[in-house]
Amino acid sequence: MTETRYIKAINEALHEEMTRDENVVIIGEDVGAPGGAFGGTRGLLQAFGDKRVKDTPISESAIVGLALGAAMKGLRPVVEVMFADFLPVCMDQIVNQIAKTRFMFGGQFAAPLVIRAPGGAGLNAGPQHSQSLEAWFAHIPGLKVVMPATPADAKGLLKSAIRDNDPVLVLEHKALYASSGDVPAGEYLVPIGKADVRRTGKHVTIVTLSRMVLDSLEAAETLAAQGIDVEVIDLRSISPLDRQAIFSSVEKTSRLVIAHEAVKSFGIGAEISAMVSEEMIDVLDAPILRVGAPFSPVPFSQEREYLPNAADIVRAVEKVMNY
Amino acid sequence: MTETRYIKAINEALHEEMTRDENVVIIGEDVGAPGGAFGGTRGLLQAFGDKRVKDTPISESAIVGLALGAAMKGLRPVVEVMFADFLPVCMDQIVNQIAKTRFMFGGQFAAPLVIRAPGGAGLNAGPQHSQSLEAWFAHIPGLKVVMPATPADAKGLLKSAIRDNDPVLVLEHKALYASSGDVPAGEYLVPIGKADVRRTGKHVTIVTLSRMVLDSLEAAETLAAQGIDVEVIDLRSISPLDRQAIFSSVEKTSRLVIAHEAVKSFGIGAEISAMVSEEMIDVLDAPILRVGAPFSPVPFSQEREYLPNAADIVRAVEKVMNY
Amino acid sequence: MTKPKDPAISAAIPNDDGLMDLHHSMLRVRLVEEKLLQVFADGKIPGFIHVSIGQEAVATGVCSCLTPADTIFTTHRGHGHTLAKGMELKPFMAEIFGRANGACHGNSGSMHVASAEAGVGGANGIVGAGLPISLGSAFGTAFKGEDSVTVVFFGDGASNQGTFHESLNLAALWNLPLVFVCENNGWAQFSAQKAYMKIDSIARRADGYGMPGVLVDGDDVLKVRDGMRQALARARAGDGPTLLECKTYRWFGHYAGDPQKYRPAANVEQARTVDCIANFEKFLIEQGLAGRQQLDDVDARLRVEIDEAIAYAEASPAAPKGQYLNDVYA
Amino acid sequence: MTKPKDPAISAAIPNDDGLMDLHHSMLRVRLVEEKLLQVFADGKIPGFIHVSIGQEAVATGVCSCLTPADTIFTTHRGHGHTLAKGMELKPFMAEIFGRANGACHGNSGSMHVASAEAGVGGANGIVGAGLPISLGSAFGTAFKGEDSVTVVFFGDGASNQGTFHESLNLAALWNLPLVFVCENNGWAQFSAQKAYMKIDSIARRADGYGMPGVLVDGDDVLKVRDGMRQALARARAGDGPTLLECKTYRWFGHYAGDPQKYRPAANVEQARTVDCIANFEKFLIEQGLAGRQQLDDVDARLRVEIDEAIAYAEASPAAPKGQYLNDVYA
Ligand SMILES: Cc1ncc(C[n+]2csc(CCOP(=O)(O)OP(=O)(O)O)c2C)c(N)n1
Ligand SMILES: Cc1ncc(C[n+]2csc(CCOP(=O)(O)OP(=O)(O)O)c2C)c(N)n1
Ligand SMILES: [Mg+2]
Ligand SMILES: [Mg+2]
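Structure (structure tokens):
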């Protein structure tokens, strides 16, 4: 275990997987000598050469499609899309091609590739550089989607994603890149599709992910001071979703709050809420509340006011506790 | 009132709006002399000339972006995207440009344009020509999204969309194009954001839209024979969503089933379920159930087995009634 | 193209430089698609199909230069390319019929035929979407040190999609072993070429990427083959990609059943006077390379093969219940 | 470009063919951006900014030919274009500072400055995304019978996005009154041009659309203006679009604060010896069109204007609570 920054943990995962498997290749804009816009691919060109670390033109559709073709030929491409907001630029390749390749061709071809893209706000990057669009991808059969909240998960999930035989979208959070935490050195895999109980508690369950895990844990501290014992579940993967982890926790607490940074309406919180109320409405002692962003693009100057935070989570938990 | 086909109703709306407002222009692939892939723009070139009816290359991003620029200059473009499955091809223009234009520029520019696109399955068109992706668009602030189920709504919603000062995505259903129904002649507007109670009932509410309205009404008939009195709400718009219509009905019935053709997971049913359980959990006498497609791309040969249908709705209603 | 499995051909007549194979391949595509039109009209095929009748010289001219180790990517109008590349007829047909033993388990039909075995990376329903994927295929084989080549087919309409541009730029930049084959049949769905581009020849665009662009007569299988041979030689020598435009004509509607109100029947009739197969047969006979009877025998044998494939497809079972859930994830 | 609101200039010195306006415009952009770098380093501006210092001749040469009725679309590196087109400095600055009376209510900052009044259809944070939108602007004005022209700026990096291709094809096909200005500064973020395209000159791509492509020295404001005058004449005469490539150099990092480890400082120093403003001042003095003192006076007046705008922005209130909900729908 060493204290490592989130972006460094990603870099470590890439280094290790490239060492382990010579079919792992890195593709993206400025991923070579510059080491990526945020430093995720730093040192890889020097270590593995320009056969395996490929700088590309600004052509997201071509890049992501290229990864698919290479994966069909047995490579394990890891593509970096500089901001998750640019995924819409190559949406056809992701949704109509990559996600459907195995299905459309009856299993004749696989698409074992990874797309890494930083989402989320927090750097005042404005409406076209701050979005959280994970709900879209979770709705698409054929894709897997993970969103690490900690440096350890950033490493362990990425390593698992690279070894996965299906396409995995790794949605990193750019405001977490500079955060630090303990990261196991060397081989460390976090399974895709498994949530993590980040704090156990008995009064209310918070299901959350990515940056909002930090806000949720902060809220849990505040609430603990009021005698409210909160369980915090970090989903880590949203597709596949660890339904069992959610059900087990709510079974125990009978109360559920869901917190994510994306726009609340039609966000992933909706699915979790619907799924729980479908299966265990009688267990619930209060309505399921969701904390998410208001229905507006991410503003530049009012970003902090706009973003959901620990105080919003505290209020939601108080509401379900006082119901 | 005349018995009119859904596609003809769309065509009528376009004719009328082009006659009313000379700034309405039609843009898309094969929309001119051929009248569109499904006949929606038939006769418009002949009636209004090639200044207002513009055939384009196969360049969805350019087409949709062109509509935005034209709208900023005061035109009222109506773009046809041949299949809703191709919206991912121009997703950046829709989501990062069109949806955010008013916001990003502080209201200096507006984007009053319409994108028409047929979604849904039913013609064995396979995995890349049959999707229902409405949940994505409902998640994006700045867009409005409507999905007409009947010829009358197809006309009335499209006319309203063209007059709306915000961008409106009109998701038609290709399997409904040939369906007929009474359509008021001439001026007929269906307000955006208002649901329609297609059948009143007191035991259970079905919230549905687009093609599944027909299945829901069929299910309601079957259930009526068993003495179950179903209320069917046709959303018509999903953004903005008519929350009040849903709440009022559930207030009365205490039971809710949601039915849509899209993949169930992370579909719009999730939002509706979450919203209702958030606001009125104590009113509910049973869990909210969702009927939607399984988690797979739309298959070619097994399309009928794959698609949710009236029988699935009947089963869900029986389940909530017997709860 | 895998060699046609018809020993009678090579035994009976001189097959100088594979000419009889070219004939066999073109005629096979033609007869398959004519049959498909018929069974489609009979309502035996769900969904819709797009035929390439009249354009067979492109599929054959290009694929005759390839080995099974080479990979092609094609379009909604991909039957010809796929068969010329050597895909087995039975799984091809069963897929179009939507049966369990179709090449794709009936998941996807005519628009997505594919064969890993024959090096067919798949037809594609999204216009222009195959080009980016083909980049990766070429990159992948080069990465592995294989000397195989990737070919991507696309239409004149597709050449106006952004993916065309991004892909040609990247392929030229990386010197990929890739051939871009633009099958210019003059039409995109219901529109004629002049309605969607100002220039006549798509090959002209190659220069903007630093890549050679070559225009050949797509109705002459030998000219297509010559163009392809040169492009392949470049690719195999490590000299990078080529844009090969093959000018031809779409004889039928965009899809089977298209009433084609958008073009005068007379124009189509006129274009049909240039028949790549009839012309090639004439050439073979004139050159003394084959006799009419021999060609008719090929035709007869092909019809038997095709009838068998149709019978196979029709006799094949529907996909088992819930099959669509089996191929979503590994 | 609206005329600079500085009567002293035109009164005091001969302003042959607007030369002093060109100087004023370039220097204004330069001084504004130098100031922005400074206040950004001081932590007064949230988010990030991209400056165009060294490239002012492009913004000025192009926009000096335009009237407020003409419309431009620009990029993440759009300060220069926007100001040269005549956007007021105060709402510009207040937007970059994220204040309530910023041009966009503080919703979006440096990457999205826009001015309906000045004909600035907006900067854009998505590389290549402005091109499709510019099509509609040109279509819209032509539709209404206006004789105004639309100009879209984009970078060398952007010229590899699919949107470039689709937009040039459509503009040529429809003969739109549009000028595509490629500001080729040799870099896309952290990569040099040869890393993302095989050809040197983007203008070479115009031919593939049936459109003229013109390459000019983007560091010479008069050459840029000449190129633009010809492109504009074509557009206004109804002869359609032009691709005008202006070759220049990015003096600073991609964004303010970029450590630029990816390029040797010496190369940048070398490139900076070509300074469009210093060269133009030399020319003005040599031609006897201006004296050093006069130019310094312009500089001094601009600094006052800029300081006032900064003071205005800093004194401006933050956006009111919940402002972000106000501009989502009409
Ligand atoms: C992105 C996209 N846009 C539109 C379509 C509808 N469409 C299918 S084929 C076709 C015409 C294609 O023309 P071309 O590329 O010349 O190929 P051809 O049909 O002539 O073989 C169109 C518009 C599509 N499938 N995908
Ligand atoms: C679609 C998209 N991809 C990548 C980026 C990240 N990005 C911002 S600017 C830039 C470089 C653009 O280069 P160029 O077009 O030459 O413009 P310049 O910065 O040189 O003015 C990149 C890669 C983006 N904003 N949008
Ligand atoms: Mg064609
Ligand atoms: Mg540049």
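Chains as they are written, first to last, in our numbering: chain X, 167 to 489; chain Z, 167 to 489; chain U, 126 to 455; chain D, 126 to 455.
Where is the CB? At the ideal position from N, CA and C, for every residue including glycine.
Residues that residue 426 of chain X contacts on chain Z, provided the C-beta gap is smaller than 7 Å: What you label residue 426 of chain X is simply residue 260 of the first sequence in a count that begins at 1. Per Cβ cutoff of 7 Å: no residues; residue 426 of chain X is ~12 Å from chain Z at best.
Output needed for residue 248 of chain Z: all residues of its chain with C-beta closer than 7 Å, excluding positions within five of it in sequence on either side, in chain order. In the second sequence, residue 248 of chain Z corresponds to position 82, counting from 1. Excluding residues within five positions, the ones whose Cβ falls inside 7 Å are 195 and 203.
By how many angstroms is the C-alpha of residue 265 of chain X removed from the C-alpha of residue 455 of chain U? What you label residue 455 of chain U is simply residue 330 of the third sequence in a count that begins at 1. What you label residue 265 of chain X is simply residue 99 of the first sequence in a count that begins at 1. Looking at the two C-alpha atoms, the distance is approximately 12 Å.
Alpha helix (DSSP H) segments (min. 4 residues) lying fully within the stretch 383-467 of chain Z: Qualifying alpha helix (DSSP H) stretches, in chain order: 409-419 and 434-446.
For a cutoff of 8 Å on Cβ pairs, would you count residue 229 of chain U as touching chain X? In the third sequence, the residue the question calls residue 229 of chain U occupies position 104. Put simply, the CB of residue 229 of chain U is near chain X, with a gap under 8 Å to one of its CB atoms.
Simplified DSSP state of residue 136 of chain U, which is helix, strand or coil: Start at 1 with the first residue of the third sequence, and residue 136 of chain U comes out as number 11. Low local confidence applies: a pLDDT of 42 at residue 136 of chain U is under 50, so the model's placement there is unreliable, with the coordinate-based value given in what follows. In the three-state DSSP reduction, residue 136 of chain U falls in the helix class (H, G or I).
Would you tell me roughly how many angstroms separate the C-alpha atoms of residue 336 of chain Z and residue 358 of chain Z, rounded to the nearest one? The sequence position of residue 336 of chain Z within the second sequence is 170, counting from 1. The sequence position of residue 358 of chain Z within the second sequence is 192, counting from 1. A direct Cα-Cα distance of roughly 11 Å separates residue 336 of chain Z from residue 358 of chain Z.
I want to check one thing, is the minimum distance from the CB of residue 314 of chain D to the heavy atoms of ligand 2 below 7 Å? As a position in the fourth sequence, residue 314 of chain D is number 189, starting the count at 1. For residue 314 of chain D, the CB falls within less than 7 Å of some heavy atom of ligand 2.
For the stretch 236-256 of chain U, which residues have a beta carbon sitting closer than 9 Å to at least one beta carbon of chain D? Against chain D - using a Cβ distance shorter than 9 Å - the residues of the stretch 236-256 of chain U are 253.
Am I right that residue 264 of chain D and residue 231 of chain Z are in contact with their C-beta atoms under 8 Å? What's the rounded C-beta distance? Working through the fourth sequence from its first residue, we reach residue 264 of chain D at position 139. Working through the second sequence from its first residue, we reach residue 231 of chain Z at position 65. Not a contact, Cβ separation roughly 11 Å.
Residues near residue 441 of chain D by beta carbon distance below 8 Å, same chain, minus five either side: What you label residue 441 of chain D is simply residue 316 of the fourth sequence in a count that begins at 1. Closer than 8 Å at Cβ, skipping near neighbours: 219, 222, 224, 225, 226 and 227.
What is the DSSP secondary structure of residue 431 of chain D, counted as helix, strand or coil? In the fourth sequence, the residue the question calls residue 431 of chain D occupies position 306. Helix.
What residues of chain D sit near residue 217 of chain Z, judged by a beta carbon separation below 9 Å? By 1-based counting over the second sequence, the position of residue 217 of chain Z is 51. Ordered by position in chain D, the residues that pass the 9 Å Cβ test against residue 217 of chain Z are 268.
Short-range partners of chain D found in the stretch 257-283 of chain Z, where Cβ spacing is below 7 Å: Considering only beta carbons, the part of the stretch 257-283 of chain Z lying closer than 7 Å to chain D consists of 258, 259, 262, 263, 268, 269, 270, 271, 272, 273, 274, 275 and 276, in chain order.
Range covered by the beta strand (DSSP E) that runs through residue 118 of chain Z: No information on residue 118 of chain Z is available, as it lies outside the stretch 167 to 489 that chain Z covers here.
Chain D within 8 Å of residue 289 of chain X, Cβ atoms only: Here residue 289 of chain X is taken as the residue at index 123 of the first sequence, counted from 1. Put simply, the CB of residue 289 of chain X is near chain D, with a gap under 8 Å to one of its CB atoms.
Taking contact to mean 3 or more Cβ pairs, one atom from each stretch, closer than 8 Å, check whether the stretch 330-343 of chain U and the stretch 355-373 of chain U are in contact. With a cut-off of 8 Å, the stretch 355-373 of chain U and the stretch 330-343 of chain U count as touching, because enough Cβ pairs lie within range.
Whole angstroms are fine: how far does the CA of residue 300 of chain U sit from the CA of residue 182 of chain X? Counting from one through the first sequence, the residue named residue 182 of chain X turns up at place 16. Counting from one through the third sequence, the residue named residue 300 of chain U turns up at place 175. Each residue's Cα considered, the two are about 29 Å apart.
At a threshold of 7 Å, does residue 325 of chain U count as lining ligand 3 (C-beta to nearest heavy atom)? The residue labelled residue 325 of chain U in the question sits at position 200 within the third sequence. Set against 7 Å, the gap from the CB of residue 325 of chain U to the closest heavy atom of ligand 3 is not smaller.
Could you compute how far the alpha carbon of residue 275 of chain X sits from the alpha carbon of residue 200 of chain U? As a first step, residue 275 of chain X is located in the first sequence; it is residue number 109 there, counting from the start. As a first step, residue 200 of chain U is located in the third sequence; it is residue number 75 there, counting from the start. In this model, residue 275 of chain X and residue 200 of chain U are separated by some 17 Å (Cα to Cα).
For residue 130 of chain U, is the classification buried or exposed, using 16 other Cβ atoms within 10 angstroms of its Cβ as the cut-off for buried? On the third sequence, position 5 is the one that residue 130 of chain U refers to. Reliability fails at residue 130 of chain U, whose pLDDT of 45 lies under 50, so the model's placement of it is uncertain and no value is given.
Give the straight-line distance between the Cα atoms of residue 484 of chain Z and residue 445 of chain U, rounded to the nearest whole angstrom. For the purposes of this step, residue 484 of chain Z is taken as residue 318 along the second sequence, with counting starting at 1. For the purposes of this step, residue 445 of chain U is taken as residue 320 along the third sequence, with counting starting at 1. Near 28 Å, if we compare the C-alpha coordinates of residue 445 of chain U and residue 484 of chain Z.
Could you pull the start and end residues of the alpha helix (DSSP H) that residue 329 of chain X belongs to? Within the first sequence, numbered from 1, the residue matching residue 329 of chain X stands at position 163. Element bounds for residue 329 of chain X: 317-329.
CB of residue 145 of chain D to nearest heavy atom of ligand 1: below 7 Å? Against the fourth sequence, residue 145 of chain D aligns to sequence position 20. Ligand 1 has no heavy atom closer than 7 Å to the beta-carbon of residue 145 of chain D.
Proximal chain Z residues relative to residue 452 of chain D, where beta-carbon distance stays under 7 Å: Counting from 1 along the fourth sequence, the entry for residue 452 of chain D is found at position 327. Within chain Z, the residues whose beta carbon sits less than 7 Å from that of residue 452 of chain D are 268, 269, 272 and 273, listed in sequence order.
Give a yes or no on whether the C-beta atoms belonging to residue 284 of chain X and residue 340 of chain X are separated by under 8 Å. As a working note, residue 284 of chain X is residue 118 in the first sequence. As a working note, residue 340 of chain X is residue 174 in the first sequence. In this structure, residue 284 of chain X places its C-beta atom within 8 Å of the C-beta atom of residue 340 of chain X.
Please confirm whether residue 279 of chain U has its beta-carbon closer than 8 Å to some beta-carbon of chain X. Within the third sequence, residue 279 of chain U is the residue found at index 154, counting from 1. Not an interface residue.
What are the boundary residues of the beta strand (DSSP E) that includes residue 193 of chain X? If you number the first sequence from 1, residue 193 of chain X lands on position 27. For residue 193 of chain X, the enclosing beta strand (DSSP E) begins and ends at 190-194.
With a threshold of 8 Å between beta-carbons, can residue 217 of chain U be considered close to chain Z, or not? Looking up residue 217 of chain U in the third sequence gives position 92. Output row for residue 217 of chain U: interface = no.
Alpha carbon to alpha carbon, how far is residue 135 of chain D from residue 347 of chain D? Within the fourth sequence, numbered from 1, the residue matching residue 135 of chain D stands at position 10. Within the fourth sequence, numbered from 1, the residue matching residue 347 of chain D stands at position 222. Confidence is the limiting factor: at residue 135 of chain D the pLDDT is only 42, short of 50, which leaves the residue's position unreliable, though a coordinate-based value still follows. If I take the Cα positions, the gap works out to 19 Å.
List, in order along the chain, the chain D residues whose C-beta lies closer than 8 Å to that of residue 563 of chain Z? Residue 563 of chain Z cannot be examined here, being either before or after the span of chain Z that is shown, 167 to 489.
Where residue 138 of chain U and residue 411 of chain U are concerned, what is the direct C-alpha to C-alpha distance, given to the nearest angstrom? Along the third sequence, one-based indexing puts residue 138 of chain U at 13. Along the third sequence, one-based indexing puts residue 411 of chain U at 286. Reliability fails at residue 138 of chain U, whose pLDDT of 48 lies under 50, so the model's placement of it is uncertain and no value is given.
Give the range of the beta strand (DSSP E) segment to which residue 191 of chain U is assigned. Here residue 191 of chain U corresponds to residue number 66 of the third sequence, with the count starting at 1. It is not in any beta strand (DSSP E) - residue 191 of chain U carries neither H nor E in the DSSP assignment.
Three-state secondary structure (DSSP) of residue 240 of chain U: Reading the third sequence from its first residue, position 115 is the one you call residue 240 of chain U. Looking at residue 240 of chain U - three-state DSSP - the assignment turns out to be strand.
State the CB to CB distance for the pair residue 114 of chain U and residue 185 of chain U, rounded to an integer number of angstroms; the pair is presumed to be in contact (CB under 8 Å). Outside the displayed range of chain U (126 to 455) lies residue 114 of chain U, so it cannot be described from this structure.
Please confirm whether residue 150 of chain U has its beta-carbon closer than 8 Å to some beta-carbon of chain X. Against the third sequence, residue 150 of chain U aligns to sequence position 25. It does not; no Cβ of chain X falls within 8 Å.
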